Structure formats: C-alpha cells, structure tokens
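Counting from 1, one number per residue, gives the positions in the sequence shown under UniProt numbering. We put the beta carbon where it would ideally sit given N, CA and C, even for glycine. All values derive from a computational prediction rather than experimental measurement. Working notes, structure below.
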Amino acid sequence: MVGTHHAAILPQKGGPLSVGERATPEPGPNEVLIKVKAVALNPVDYHQRDFGMPPVPIYPAVIGSDTSGVVAKVGSKVSTAPALGSQVIAFASSFYHNGSPDHGAFQKYALAQSEGVIALPDALSFEEGAVFPLAVMTALTAWTSIGIPLNTKYTPQDKQAVLIWGGASSVGTFAIQSAKSLGFTVYATASSKHYIYLKKLGAHGVFDYKASDVVSQIIDMVKKNGVNLHTAHCVVNGSLQPVLDVLKQTKGDAVAKVTHSPVLPPDHPTLDKTEIKFNFPSMDPVIRDKHMYECFHIWLQDNLKSGSVVPSPSIQIKRGGLEGLNIALDKLRAGVSGTKIVVPI
C-alpha cells in the first residue's frame, strides 16, 4: 500500500506520544493491514510510554495492541483472516514483532498477524470490539500456563472450582467468562460495587477483597457448595498470599495450580504441593502463533457467535483520536475501576 498515515509516535522513553506521519506498510505473507477505527487502552501502554517497560527495542516506537477496524489489505499466504473490507477485531502488538512500529495499534493503519484477526460481529460496535484482544489473550494464556486446555468442558458432576482474585479488571472479567466456558464454578474478588456485574458474567460467588475476613468467607462458601477448589488466577498485585491462604484450606490432597499475571517477585510466598506459574505466552513463535490462533479463531470466535462471551468490562469512550491518547493514558494511569478506556480513531 503506497502512502503515509498518521500515528501516535513515542519518540523516546518517557514520552509523551506525538502525532506524526509514517509510511503505510505492506503486509507480510501472514499479515493483515488494518485500517484502525478504535483502540482500547491497557496498563502496559502507559508503562511503555512512561518507563519503557516492557522493553521498547526500537525508537521512535508505536505502542498499543487492542484494535478494531477494517481489513485494508491481506498478505499473500493469509487464509484464515476475514476478507478485504471486513470489519474485524485485531491484536496488533509490536511486542511480538521485535518492536516493529508497523505493528503497534496507536496509528491509522497497523499490521497484525492473521492468527490474531477475526470478524467483528455485526451486533458489536468498533469500540466494543477493541476491548477483547490483550485481555482475552492474557485470560486464556492463564489457563494453558497451568495445563488447562481451552477446549476443557468440566461438568457440574466434576465439581471443579476456580478463584479469580481481581475480577473487575479487564483481564479479570475475561478470566471469569472464560472460566465459566471451561465449566468451572467461579469465585472472584472485587469491590462490592461490582458484585452484580461479575455475577452476570458468570461468577458464582463474589467477595469484597477489602473485607478483613475475605479469606474465611471464600473458604466457607467453597465448603458449603461442596466443590473442589485447587485452581486460581492472581490477576492483580498483592493477591498471591490471600489466594494461597484460601487454597491451603480448600485444595485437600490435590496439587494446587496458581497462575499469576503480574510479574512474580523472586521472594514470593509459596505453599506445599502448589505450582505457581507466571502467566506469559511462549516466546517460541511457532507455539505462540498456534496458541494465538486457538485464542482468537477458535475460543473467542466461537463464543462470540454463541453469545456466551460479551465485551467487558464497561466501556468508557474518550474522544480526541490519536491526539487524545496522552490524556486518555494519563486517566488510566491515575486509576480506573471496572471500566475499559476506548478511543475512537
């Protein structure tokens, strides 16, 4: 594709983003060029802008990962992504492409590998479609990181339960929805104002993480329900110790499995007969691409078609396009609860 387009460019570590022109790239054989219509913001975006973490290998950079838009061009070997002109959900992250600014989401045209591009359902807006990519990838990787395949289908007779600590976050809401799709009885923590919403998403029990007796509350409900709780997802910082306190009383003789989305400190707490894994996809590109395909083209696409997965959490739209991204990222950094900031482009 010949020409240029506008992008929110990160000139150096510490930002801010600055809107400028970039050459519009041609997609590689397995890539899709997306005309971006909306982007959703994640904490990793302001961490990269302000602190250069996770590492940004190339400056000037284009960051961001969550997009929805229209297919502008497809690579010569693409067979799975929607056709030219289709409206799509796309995971457009430079992180898995050696920092290539052609792949970052915060621009008018972005490249995405075909494994992370699926059709946007007719019933969803571009703003709703943008909330899925990174949160879905993170929530689903959590299960596979502890040996739970995405096609798992527990039945009520299996009595398998899971604890999700940090259920109102973007990743947390998809952790709840995906856990329900796998057949788990889902217990989650959040602020009390999010109780009703998280139960609508599929949580069986929701607990106020600020309550002094939250651990005993969870244990009591698990025992009352007669389920097996030896699996957990720590979505937020500071959640590992209370999760282990719960599992100590609920796991029985089973080997407990905990997936931890924040980076694990080297001196993190432990528990006997408990595996604790950092939630991160394989860096082997073949394994990762297969996993991405399973996340988007199988799990997400199938569950969107059936209506069993919905955009979450609630969307907060911030106007201003590329020029408004700095303000939107500042708002995210200041703190939001139970909402996802989306910027139409």
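Chain-order list of residues whose beta-carbon lies under 6 Å from that of residue i (same chain, five-residue window excluded)
i, result
"Val227", "Lys159, Ala161 and Thr185"
"Ala72", "Leu33 and Lys35"
"Ser282", "Arg288"
"Gly104", "Val62, Ile63, Gly64 and Ser94"
"Phe296", "Gly116 and Ile118"
"Lys273", "Val255"
Helix, strand or coil at residue i according to DSSP, with G and I counted as helix
i, result
"Lys153", "coil"
"Gly69", "strand"
"Ile219", "helix"
"Asn98", "coil"
"Gln12", "coil"
"Val145", "With the sequence shown as reference, residue 145 is identified as Ser, and Val is not the correct amino acid for it. Helix, per DSSP."
"Thr24", "coil"
"residue 351", "The chain is shown only over 1 to 345; residue 351 falls outside these bounds and no answer can be derived."
"Pro285", "helix"
"Ala83", "coil"
"Ala179", "helix"
"Thr270", "coil"
Nearest residue (CA-CA) to residue i, options the options
i, options, result
"Ala25", "Gly64, Val74, Pro43 and Ser65", "Note on identity: in this sequence residue 25 is Pro, with Ala being the wrong assignment. Cα-wise, what sits closest to Pro25 is Val74."
"Pro29", "Asp50, Ile58, Thr80 and Gln217", "Thr80"
"Gly20", "Thr4, Met292 and Lys318", "Thr4"
"Gly324", "Leu17, Asp272 and Leu10", "Leu17"
"Asp302", "Pro27, Ile58, Leu150 and Pro156", "Leu150"
"Lys108", "Lys199, Val309, Ala23 and Val286", "Ala23"
"Leu163", "Pro156, Lys199, Phe106 and Leu247", "Leu247"
"Ser170", "Ala334, Leu332, Ser312 and Asn326", "Ser312"
"Thr231", "Gly183, Ala130 and Asp213", "Gly183"
"Leu229", "Asp213, Asn237 and Thr250", "Thr250"
"Asp208", "Ala175, Lys193, Gly202 and His6", "Lys193"
According to DSSP, residues forming a beta bridge with residue i
i, result
"Thr138", "Looking at the DSSP assignment, Thr138 forms no beta bridge with any residue, so it has no partner."
"Asp208", "Ala190"
"Ile118", "Ile89"
"Gly104", "In the DSSP output, where bridge partners are listed per residue, Gly104 has none listed."
"Asn228", "Gln160"
"Phe278", "His260"
"Leu111", "Leu33"
Rounded C-alpha distance that separates residue i from residue j
i, j, result
"Gly166", "Ser76", "42 Å"
"Ile89", "Ala254", "39 Å"
"Ala8", "Ser65", "13 Å"
"Ile218", "Ala139", "22 Å"
"Tyr96", "Val39", "18 Å"
"Asp284", "Ala92", "18 Å"
"Glu275", "Trp143", "13 Å"
"Thr173", "Ile196", "12 Å"
"Pro101", "Ile58", "8 Å"
"Val78", "Glu31", "7 Å"
"Ala135", "Ser314", "13 Å"
Any chain C beta carbon closer than 8 Å to residue i
i, result
"Ala90", "Although the question refers to chain C, the structure presented lacks it and comprises just one protein chain."
Chain-order list of residues whose beta-carbon lies under 7 Å from that of residue i (same chain, five-residue window excluded)
i, result
"Gly205", "Tyr187 and Met221"
"Asp50", "Gly14 and Gly15"
"Leu329", "Leu41, Asp45, Tyr46 and Arg49"
"Val215", "Pro242, Asp245 and Val246"
Own chain partners of residue i with C-beta closer than 8 Å, once the 5 adjacent residues on each side are dropped
i, result
"residue 352", "As shown, the chain starts at 1 and ends at 345. That puts residue 352 outside it, with no answer to give."
"Val263", "Phe278"
"residue 351", "Nothing can be reported for residue 351, as the shown portion of the chain is limited to 1 through 345."
"Ala211", "Gln217"
"Cys234", "Trp165, Gly166, Leu240, Val243, Val258, Thr259, His260, Ser261 and Pro262"
"Gly147", "Lys257"
beta-carbon residue i near the ligand ZN non-hydrogen atom, thresh 7 Å
i, result
"Ser79", "Among the ligands in the structure shown, none appear at all, so the ligand ZN cannot be discussed."
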